[in-house]
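One structure is given here, and the rest of the page talks about it.
In our numbering, the protein residues as written are 20 to 1265.
If you want it as structure tokens, here you go:
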């Protein structure tokens, strides 16, 4: 037996030399101090125990003794078993989550010392350091983490027998003391493969590593002690198999044996263990065949065969090669075996050997392989099976049908096709024939280390006063480490329903509805959708995490709780003081409910406090990922690492929430038609800039969706755990379960590779499912709801009063209406006693004062450029300014004045103003609209600035103030019944009336008569006004002072029209300097942006875009599979001006989305014709409809409390006002393809 194989020279898969002599002198210093030998000690009862007898341990690379290993016997083994038996009772009843955390901690410490353990393993066993560093130690770490995670997911089986009122379920109980014996070829790797599942399932352990390789096992005991594993749970004895090993197998308190090693030793173990009927798991030797067909990829096959035959004394010692390729195969391996450097045995290749030869039948631990040719497929299968072993094998062929066929006929436990040593611990590993008994893997190891028990409960036999003693494994948090202690608690379990219903809210993060994520959640479909009510039109008020969650907690719209982004006011002092005490949790808590919160809270939650209203609190601190995060656990900060298996947030939330119940009881993305549809010239600014996705972006969306769906699998398991726990404690039928998401998501829609901040349905429409008492199973409800409705609904479910301050409307009455036969129509709309609202507000972002001023300035500057042919809504102008804007958009009101023109429009200091045409104005050609002031001459000869029109406006106001003070002054008013204007004169001088006037003669006649009456009344008013004007002209006073009204005869130029109080030239010079400074600053900004762009193109280290929000991604970003390996990229997925307010309307006749953006851009999508929101048809709507939608949206933006719950007023226009564009190119799809009302019995809809 050669232990030191290739400690000096080894070969990689490309047959290149790799030298490992460097570093051996430093390696020796790891375990020696001033020439002393390393003394290995037994680990018993949590302490290291001195031994009297020792064995020599040799360094395989030098042949020198470098360590002393205990030569343990029956006494040492008995002491270890007694310690394990004593610790078993408390460890077996410990909490699964606490055992999991201990295993994770062992893995973390071991990983932090990976380099030291790799050197020790190389020094003790003889393998190359690189091999221990890349395989042995990492796999040992993975073993602990895998089983630490697996036990959190493992579920017991249950069965409900309604006919007899019985519940049957299974329990997996630990067996007891486990004896573990591991080999020398993979010392730490195979030892941890036994220890990890044994500890995870609640067993205590007595392990005996090989006496040849005991050093890493000895140092593992130090880590186990440091991690805080209770004394006696893990014990380690070292020594010979004939003394320590046999004593361990024969001990009566050892209930199972897991052994990896030789077949002869296994036969002795079976003989001794059979006397006490102990459970056995035996992983034994192998003579593993590697079958190579002529069509195989020989380059890959030969390189892999070299590794499988010669690496670490592997067992692939027989290569069967088809004749057509055998000569080339043999020549390459012979060339490899001729390399002989260093002091160790060279690889040996044997050919022309008979099948019954010893080298073909017996296991050889050394660099020896046999190569034999074959002709036919049947022949090679027979020859591969003509050995007593059956551990594993390899088949090499490009013909996958043949590879599959041959793999099925080889009598081995594992077959690799065109690869080698690819392992997944979820799948079993073990051999046939003399290669072993049993299997090792996730399910198989858990089954081996546990005993299965079935329990049957009949409801009539359960007493409401039953008390049960349960042992809980509690956790104390210290500043440096977690300490564990045991305590017993007496818990009273109530077996009757609560007086009031339980309420469970499951809130997912970023889960879409329209991309098909629910198709991959079968448990959710079965347990909640088919047993509850599904809201077909459920929305969030804003597609941003913190604002959406704030709305859900408080029942308020964004404009009322003032959390507009994930940064602004998110968990700020204002939120903490004003809004956090008024969440639904606070109201439910005050009404007597016990409340608990588990998982992500608000993005900026800092974890320094426990929010009011929550009895049990496990809140995620800030917006961390699923790993490398911290949580506030009822006031204590608990940190979690970056390992997927150890710290996966979804699983921790599931386990903590299920524990809370117990304690309280005491495939690829769905590509919609909008996918990669870019650019979009009819949509907002951002979508006009986005270009079609590159192949790299497309691969990213596919892989990201795959990762999202993997996460939802855990959420699906969480739903099942909650459902089963409620069922087990008898509270399922007395519990409302609400399932929803904080917002939707997009992956490639309109070319946006990922995100969640758009106004479209894929970002705002979310799943909402409610299961509970009084709800009809399988209901699909079409009434529109929003996440602000959840808080008042939960309060009404709990019997608490809904505060008037909440904006949301409880949909509890809608749920109750599903039970009433005549309350729901064929389209899923539930009729309620009070009419249900049909529109909700969607809003994103906050408009600062600066932004409002900028928008007003831009709108004012564009007023004079509007020809009037296209009506516009001026969103940021007051009513007076809007009136001026409409007048200025009329081409008849432009300067210079024409004969009979009354008014003209001019720009003054950036503001639009209306002035009356004076005599001679139509003949003057001045530049009143020019930005430059006009000069004038003062009485003293100085040059001033002409400001005649503004000063005329001032004189008008003075005159009116003086007239109002006169005793004979009285105001006059226009009286009469001015009705709602059903006809309008548009800016292009066309007249548009409501459709009803054109269709109904009676309406036409009625409006005609109203107009006639209005004309008569206005004529009377005009006559009165003319009389007053004539009277004023006849009574004009002789003093023509500034306080009088200048009637505009135009004969002289008043000095007051000239500003002579300041030096105009100096003022103009300062204005010019300011303009120059502004231009220089703009030039510097442009140059800086150009430099940034050049730098980004040069080294791709920067990821930014003008007015865009961008992100970068690279191969190191994802720490868990599936990994991203397609290189770095940058993508801009959002814009600074993506602020909007939208009206989302769904009723029996309409389904549309109307939005106004901060840029004044307007969108309108008719989802009855265009369900995927591909076409913005806002330009096809008439002005009256746009104005009415604008007013309705403005009211929604300002609503508070009860105002937000009222049903919106009906449109004043005919139901057919949503136009058909008449352009067949805009609506190529058939309307039948977009049926918004799925059949209730269709399980694949979701």
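Idealized CB from N, CA, C, for every residue including glycine.
Comparing alpha carbon positions, the residue from 261, 601, 473 closest to residue 826 is 601. Only exposed fits residue 1136, as fewer than 16 other CB atoms lie within 10 angstroms of its CB. With a cut-off of 8 Å on Cβ pairs, the stretch 799 to 814 is in contact with the stretch 541 to 557, counting three or more such pairs. With contacts defined as CB atoms closer than 8 Å, residue 285 and residue 303 qualify as a contacting pair. Nearest Cα to residue 816 within the set 168, 659, 700, 757: 757.
Here the C-alpha atom of residue 850 lies approximately 58 Å from the C-alpha atom of residue 215. Beta bridge pairing from DSSP links residue 75 with 87. DSSP, read as helix, strand or coil, puts residue 212 in helix. Three or more Cβ pairs closer than 8 Å define a contact, and the stretch 263 to 283 meets that threshold against the stretch 197 to 205. Between the stretch 156 to 172 and the stretch 106 to 114, the count of Cβ pairs shorter than 8 Å is below three; the stretches do not touch.
For residue 812, the enclosing alpha helix (DSSP H) covers residues 809 to 816. The Cβ neighbour count for residue 1045, taken over all protein chains shown within 10 Å, is under 16; the residue is labelled exposed. The Cβ atoms of residue 577 and residue 562 do not sit closer than 8 Å to each other.
With a contact defined as Cβ atoms closer than 8 Å, residue 559 and residue 761 qualify at about 7 Å. With a cut-off of 8 Å on Cβ pairs, the stretch 767 to 782 is not in contact with the stretch 583 to 597, counting fewer than three such pairs. Looking at the backbone, the Cα of residue 1158 and that of residue 655 are separated by about 38 Å. A contact is defined here as three or more CB-CB pairs under 8 Å, and the stretch 387 to 404 fails this definition with respect to the stretch 435 to 444. The Cβ atoms of residue 256 and residue 121 lie no closer than 8 Å to each other.
For residue 1204, the closest of 1013, 1163, 1126, 1029 by C-alpha to C-alpha distance is 1013. If you keep only unbroken beta strand (DSSP E) runs of at least 3 residues inside the stretch 691 to 764, you get 754 to 760. Under the 10 Å beta carbon count, residue 76 is surrounded by 16 or more other beta carbons and is classified as buried.
The stretch 358 to 407 is shown to contain whole beta strand (DSSP E) runs of 3 or more residues at 367 to 370, 387 to 393, in chain order. Around the C-beta of residue 400, 16 or more other C-beta atoms lie within 10 Å, and the residue is accordingly described as buried.
Excluding sequence positions up to five before and after residue 612, its CB lies within less than 7 Å of the CB of 817, all in the same chain and listed in chain order. Distance from the CA atom of residue 316 to the CA atom of residue 376, rounded to whole angstroms, is 29 Å.
Sequence-distant Cβ neighbours of residue 1142 in its own chain, meaning closer than 8 Å and more than five residues away, are 1134. Taken in chain order, the stretch 611 to 647 contains no complete alpha helix (DSSP H) segment of 4 residues or longer. DSSP, read as helix, strand or coil, puts residue 166 in helix. As the crow flies, the alpha-carbon of residue 404 is around 10 Å from that of residue 306.
Counting C-beta pairs closer than 8 Å gives fewer than three between the stretch 182 to 191 and the stretch 250 to 268, which falls short of the contact rule.
Taking C-alpha positions only, residue 459 is separated from residue 337 by approximately 25 Å. Inclusion of residue 339 and residue 309 in the CB contact set at 8 Å is warranted, their separation being smaller than that value. For residue 128, the enclosing alpha helix (DSSP H) has its first and last residue at 115 to 131. The stretch 740 to 760 and the stretch 523 to 535 touch, with three or more beta-carbon pairs separated by less than 8 Å.
Boundaries around residue 1050 are those of the alpha helix (DSSP H), 1020 to 1053, since no beta strand (DSSP E) includes it. Under DSSP, residue 319 shares a beta bridge with no residue.
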